[in-house]
Amino acid sequence: MRRPAPALALALFATACGGPTSPTTTPTAPSSTTPLVVASPDDPSSEGVDATASETGAANAAAQQEVQRMLAIVARARGLPVRRLVPGRVLDRPGILARIREHVAREIPPGVLGYQGEILAALEIIPADYDYLAGTYRLIQGRIAGFYEPADASMYLVDDLDDAEAKETLAHELVHALQDQSYDLAKLLQYRPGDSDRLTAVHALIEGDATSAMLDVVAGSAFAIDEAVLRKLVAVSTAMSTVGDTPRALQESLAVPYTDGFAFVQRLRRKGGWPAVDAIWRALPESTEQLLHPEKLAAREPPIHVPVPPVDPLGADFLPVFDDVMGEQALRITFEEYVHRDTAATAAAGWGGDRLVLARRASTEAPGRTEYALAWRLRFDTPGDAAEASRVLTARFGRTCRMRPDLGPISWAHQGADIALVAGPYERAAAATPAPPPPALVDDDSPTSPAPAARATGSCARAKTWLDKVLKTPLAGP
């Protein structure tokens, strides 16, 4: 289940599709060999397989035997039972990517990924003209080595891996198969509107568990790998295998389920071995804050509920189309775009709760154009924590409203333990729901096609009125 990581925008994408190779591998260039289906002869999904892939039953059986051999190895290492055998499939990169797209189309409501891309642009996490959806698929295509698919309980492997890469990928992905057999991954990762932070924490547990068990198999012990060293390996591997125009935040989002998840699982194993990890599977973390802070997990400190910010100051034609909780992990990644990563981590650590909303209006003056605007409300644990976060925002946006020619005004305010931010409105020529990705993506370093040009339509005076309303909306929490 190699998945791109769940920062703000990738959180939902991560739960929907196969993602990167294991942290310590970098796939070679894609080959054009015919896909080999590794499945039992009575597997109905093997119908219509190319003759060159099925002409040698002995090779097919040997490949399936290797899957089952590794399944037994990882079951012993991880301490989870094998409840059923796992069909395996070896596909070329276009075939793997097609499976991922099918999963995304099936699991994620139309428009959601486009809305998330607009949020990232409004916050200056990706460039205003960056094609988020196409860029994310390209990122996955360059990194993927294989994935486990809960929908059909099958293992998918890219056909261009060397022996070491294949071993690591099988070990990692077959841990996901065992997790699924014991804990029902499809149910745990089901998309729920407004639930990305909790889902992100669960995803990190899933990937951290599989990474730790995989390293037990391929390195002798996961405890032979320091968490800081793993972070560096992941960063280098991701940077080496991504296209040149991939924003840093998306690369970081790809890595954090493995790095933060691994650190989380290793803490649990140091205290109580794999039984301590299994106990967390039965009482999952409720937020990335609990994932990142052992004391908050132990206390089961709940996130502060923040209501959806109001959008009515924008006018009756603007309607909320997407809202979500960013969470501490995604807040950290966002702040890393504005300041040094250590400062960002410290400032994000005071997170208590948040909620952002994207509003949309179809332009009446220019048919075919759409306006967007973003509001974000955060509650920190203490006023001092909010003051730390405010210094990060000051470093990026200044203290007063800043007018951007493409993305419109951006303005924020700090009051006590609260921070509010508004961005936009701005206008694009394209509709909010993006067109489906092309059937095949070019596997080179050429940049993605630019997103439709944005043009500011708001004003700082209008942003101030909206910001005041967002900041004064009472919270349900303390």
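Residues in the sequence shown are numbered from 133 upward in steps of one, following our numbering. Each residue gets a CB set at the ideal place from its N, CA and C atoms; glycine is no exception. Model, not experiment: these values are computed from the prediction.
Beta strand (DSSP E) segments (min. 3 residues) lying fully within the segment 436 to 515: 451 to 456, 483 to 494 and 502 to 512
Residue 448 versus residue 236 - alpha carbon distance: Here the question's residue 448 lines up with position 316 in the sequence shown. Here the question's residue 236 lines up with position 104 in the sequence shown. Between residue 448 and residue 236, the C-alpha separation is close to 32 angstroms.
Residues that residue 536 bridges to, as DSSP identifies them: Within the sequence shown, numbered from 1, the residue matching residue 536 stands at position 404. Beta-bridge pairing links residue 536 to 540.
Secondary structure of residue 305, DSSP reduced to three states: Position 173 of the sequence shown, counting from 1, holds the residue named residue 305. Here residue 305 sits in helix by DSSP.
Classification of residue 429 by the beta-carbon crowding that lies within 10 angstroms, buried from 16 upward: The count along the sequence shown starts at 1 and reaches residue 429 at position 297. Residue 429 comes out buried.
Close Cβ partners of residue 214 (< 8 angstroms) along its chain, the five nearest in sequence each way excluded: Position 82 of the sequence shown holds residue 214. Cβ neighbours of residue 214 beyond the five flanking positions: 203, 204, 207, 310 and 313.
Residue range of the unbroken beta strand (DSSP E) whose run includes residue 328: What you label residue 328 is simply residue 196 of the sequence shown in a count that begins at 1. Not the beta strand (DSSP E): residue 328 falls in the alpha helix (DSSP H), residues 328 to 350.
Spatial distance of residue 599 from residue 508 (CA atoms): Reading the sequence shown from its first residue, position 467 is the one you call residue 599. Reading the sequence shown from its first residue, position 376 is the one you call residue 508. Taking the straight line joining both Cα atoms gives about 9 angstroms.
Secondary structure of residue 600, DSSP reduced to three states: Along the sequence shown, one-based indexing puts residue 600 at 468. Residue 600: helix per DSSP, three-state reduction.
Boundaries (first-last residue) of the beta strand (DSSP E) holding residue 220: In the sequence shown, residue 220 corresponds to position 88, counting from 1. It spans 220 to 223 - the beta strand (DSSP E) in which residue 220 sits, taken as one unbroken run.
Residue interval of the alpha helix (DSSP H) (run including residue 249): Your numbering for residue 249 matches position 117 in the sequence shown. Segment 244 to 254, the alpha helix (DSSP H) holding residue 249.
Best match in 226, 244 and 315 for proximity to residue 323 [C-alpha to C-alpha]: As a first step, residue 323 must be located in the sequence shown, where it is residue number 191. Nearest option by C-alpha distance: 244.
When 211, 604, 201 and 601 are compared against residue 405, the one with the closest alpha-carbon: Taking the first residue of the sequence shown as position 1, residue 405 is located at position 273. Minimum Cα distance to residue 405 is reached at 211.
Of the listed residues 522, 348 and 545, nearest to residue 533 (C-alpha basis): Numbered from 1 along the sequence shown, position 401 holds the residue referred to as residue 533. Taking only the C-alpha atoms, the option nearest residue 533 is 545.
DSSP bridge partner residues for residue 288 (one or two, in chain order): For the purposes of this step, residue 288 is identified with residue 156 of the sequence shown, where counting begins at 1. DSSP, once it has assigned bridges, lists 221 and 279 as partnering residue 288.
Contact check, residue 540 vs residue 585, beta carbons under 9 angstroms: Working through the sequence shown from its first residue, we reach residue 540 at position 408. Working through the sequence shown from its first residue, we reach residue 585 at position 453. Result no, Cβ atoms of residue 540 and residue 585 do not sit closer than 9 angstroms.
Rounded Cβ spacing between residue 301 and residue 317 (contact assumed at less than 8 angstroms): Indexing the sequence shown from 1 puts residue 301 at position 169. Indexing the sequence shown from 1 puts residue 317 at position 185. Rounded, the Cβ-Cβ distance is 17 angstroms, inconsistent with contact.
Reduced DSSP category for residue 92 - H, G, I as helix; E, B as strand; rest coil: The chain is shown from 133 up to 610; residue 92 falls before or after that span and cannot be answered.
Cβ contact check for the segment 355 to 372 and the segment 330 to 339: 3 or more pairs under 8 angstroms: no
Bridge partners - residue 551, DSSP secondary structure assignment: For this step, residue 551 is matched to residue 419 along the sequence shown. Paired residues: 510 and 546.
Span of the alpha helix (DSSP H) around residue 408: Translated into the one-based positions of the sequence shown, residue 408 becomes position 276. 380 to 414 is the span of the alpha helix (DSSP H), which, as asked, contains residue 408.
As assigned by DSSP and simplified to three states, the class of residue 587: Within the sequence shown, numbered from 1, the residue matching residue 587 stands at position 455. Three-state result, residue 587: strand.
With 16 other Cβ atoms within 10 Å as the buried cut-off, status of residue 268: In the sequence shown, the residue the question calls residue 268 occupies position 136. Buried, because 16 or more other Cβ atoms sit within 10 Å of the Cβ of residue 268.
Pairwise C-alpha distance: residue 438 and residue 603: Position 471 of the sequence shown, counted from the first residue, corresponds to residue 603. Position 306 of the sequence shown, counted from the first residue, corresponds to residue 438. One C-alpha to the other measures close to 11 angstroms.
Residue 279 classed as buried or exposed, judged by whether at least 16 other C-beta atoms fall within 10 angstroms: Translated into the one-based positions of the sequence shown, residue 279 becomes position 147. The residue in question, residue 279, is buried, as its Cβ has 16 or more Cβ neighbours within 10 Å.
Assigned secondary structure, residue 262 (DSSP; H/G/I helix, E/B strand, else coil): Translated into positions along the sequence shown, residue 262 becomes position 130. Coil, per DSSP.
C-beta contact flag for residue 385 and residue 462 at 9 angstroms: Translated into the one-based positions of the sequence shown, residue 385 becomes position 253. Translated into the one-based positions of the sequence shown, residue 462 becomes position 330. It is a contact, given that the beta carbons lie within the stated cut-off.
Reduced DSSP secondary structure (H/G/I, E/B, other) of residue 267: As a working note, residue 267 is residue 135 in the sequence shown. If DSSP states are grouped into helix, strand and coil, residue 267 belongs with the helices.
Nearest-angstrom beta carbon gap, residue 339 and residue 264 [assumed within contact, 8 angstroms]: On the sequence shown, residue 264 is found 132 positions in, with the first residue counted as 1. On the sequence shown, residue 339 is found 207 positions in, with the first residue counted as 1. Not confirmed; about 22 angstroms, so no contact.
Buried/exposed call for residue 364, threshold 16 Cβ in 10 Å: Start at 1 with the first residue of the sequence shown, and residue 364 comes out as number 232. Residue 364 should be labelled exposed.
Exposure of residue 472, with buried meaning 16 or more beta-carbon neighbours within 10 Å: As a first step, residue 472 must be located in the sequence shown, where it is residue number 340. Flag for residue 472 reads exposed.
Minimum C-alpha distance to residue 354 - residue among 377, 395 and 327: Your numbering for residue 354 matches position 222 in the sequence shown. Cα-wise, what sits closest to residue 354 is 395.
Reduced DSSP secondary structure (H/G/I, E/B, other) of residue 200: Start at 1 with the first residue of the sequence shown, and residue 200 comes out as number 68. Three-state DSSP puts residue 200 in a helix.
Assigned exposure category for residue 403 - 16 Cβ within 10 Å defines buried: Translated into positions along the sequence shown, residue 403 becomes position 271. So residue 403 counts as exposed.
Backbone CA spacing between residue 188 and residue 229 [nearest angstrom]: Along the sequence shown, read from residue 1 onward, the residue named residue 188 stands at position 56. Along the sequence shown, read from residue 1 onward, the residue named residue 229 stands at position 97. Residue placement at residue 188 cannot be trusted, given a pLDDT of 43 that sits under 50; the coordinates are not used to answer.
Residue 380 and residue 469 closer than 9 angstroms at C-beta: Residue numbering aside, residue 380 sits at position 248 when the sequence shown is read from its first letter. Residue numbering aside, residue 469 sits at position 337 when the sequence shown is read from its first letter. Contact: yes.
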